[in-house]
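Using our numbering, the letters of the sequence shown correspond one by one to residues 582 to 831. For each residue, glycine too, the CB sits at the ideal point set by N, CA and C. Here the structure is laid out as structure tokens; the discussion comes afterwards.
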Amino acid sequence: MTDRVYPSAKPAAAAANPAFPATKAQLYGATRPTYRPQPHHRRRSKRGCCCTFCFWLILTVLVLLLLIGIAGTVFYLLYRPHRPTFTVTSLKLSYLNLTSSSTLNSRFDVTVSATNPNKKILFAYDPTSISILSGDVDVGDGIVPAFLHGKKNTTLIKTSIVSTGSALQSDDASRLKSSMKNKNGLPLEVNLETKVKAKMGKLKTPKVGIRVSCDGIRVNLPSGKKPATASTSNAKCNVDVRFKIWKWTI
């Protein structure tokens, strides 16, 4: 009879069966990946870029303004620029007729004195348009040829302004008739408009527009063939520089 050999020791007990079903903690632990820290990349914010751009833009503008201010100061100290002055020295009215059909006929002889007070700057004028107004009514228009205005020089601008058969609006004709009956004389305003550039040696500026307005002039209507001389003692002329920026004139 065969002897059976038994092991001297009991085999290790089988591993305990896991609980079934698996708990949430076991499932989470089995599926969760191992944590591995990632390197931190520092991102530059859009706000910081915008602030930097604004800073350099403002700094650039300030530097440009400073340079322009320095250049303007140097220019003023070197040339001492002054605006030209204008004065209506003479105005004669040969005739001024307003027909029943609101048609205007007139003739004015005007002399304007232009003075350049600068020692180192001369002015070159384009053709100048001259208009004569009584109130808001245009009673005559003319053109003066271009001319060069020398340093420390006074130039007399003489022209005859003739209006023949100019049709007026009924409101303008009524206002002009009322002004013609004024016992103190017909009030007039002389306007000149042109473009001018300054010359300083070889340096030339761009052309700028100027407008000269002279008011305070009065004239009585001529009673015969002899022209009536206007009173210009109270005439005051203002010179306005007009810069054109794109489509706007200031």
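Please report how far the alpha carbon of residue i lies from the alpha carbon of residue j, in whole angstroms.
| i | j | result |
| --- | --- | --- |
| T813 | D821 | 21 Å |
| G797 | A816 | 4 Å |
| N765 | L648 | 55 Å |
| D722 | R792 | 15 Å |
| S744 | L685 | 7 Å |
| A811 | L640 | 58 Å |
| L802 | A779 | 40 Å |
| L645 | L703 | 29 Å |
| K828 | K788 | For K828, the predicted structure reports a pLDDT of 43, less than 50, and the residue's modelled location is therefore unreliable. The matter cannot be settled from this model. |
| V800 | S751 | 23 Å |
| G805 | T740 | 22 Å |
| C795 | N819 | 7 Å |
| D690 | S759 | 23 Å |
What whole-angstrom Cβ distance do residue i and residue j have, given they're in contact under 8 Å?
| i | j | result |
| --- | --- | --- |
| V693 | V669 | 6 Å |
| V718 | L749 | 7 Å |
| D707 | T775 | 5 Å |
| G782 | R823 | 26 Å between Cβ atoms; not a contact. |
Between the options, which lies nearest to residue i when the distance is taken from Cα to Cα?
| i | options | result |
| --- | --- | --- |
| I742 | L646, V771, L784 and R688 | R688 |
| S681 | L784, S747 and P808 | S747 |
| K701 | S683, P662 and L672 | P662 |
| A705 | A809, L784, K807 and P808 | L784 |
| V771 | I738, V777, M761 and K762 | I738 |
| R664 | N763, V777 and C631 | V777 |
| K807 | I651, K673, M761 and C630 | K673 |
Is there a C-beta anywhere in chain C that falls below 8 Å from the one on residue i?
| i | result |
| --- | --- |
| T680 | Judged by its chain identifiers, the structure shown contains no chain C, having just a single protein chain. |
_If we require 3 or more residues per run, which beta strand (DSSP E) segments fall completely within the segment 704-788?_
709-715, 718-725, 728-730, 734-748 and 767-781
May I ask you to verify whether the segment 694-714 touches the segment 752-761, counting CB pairs closer than 8 Å and requiring at least 3? no
(message) Check whether the segment 694-702 and the segment 725-736 are in contact - that is, three or more C-beta pairs closer than 8 Å.
(response) yes
Do the segment 722-731 and the segment 675-685 touch if we need at least three Cβ pairs shorter than 8 Å?
-> no
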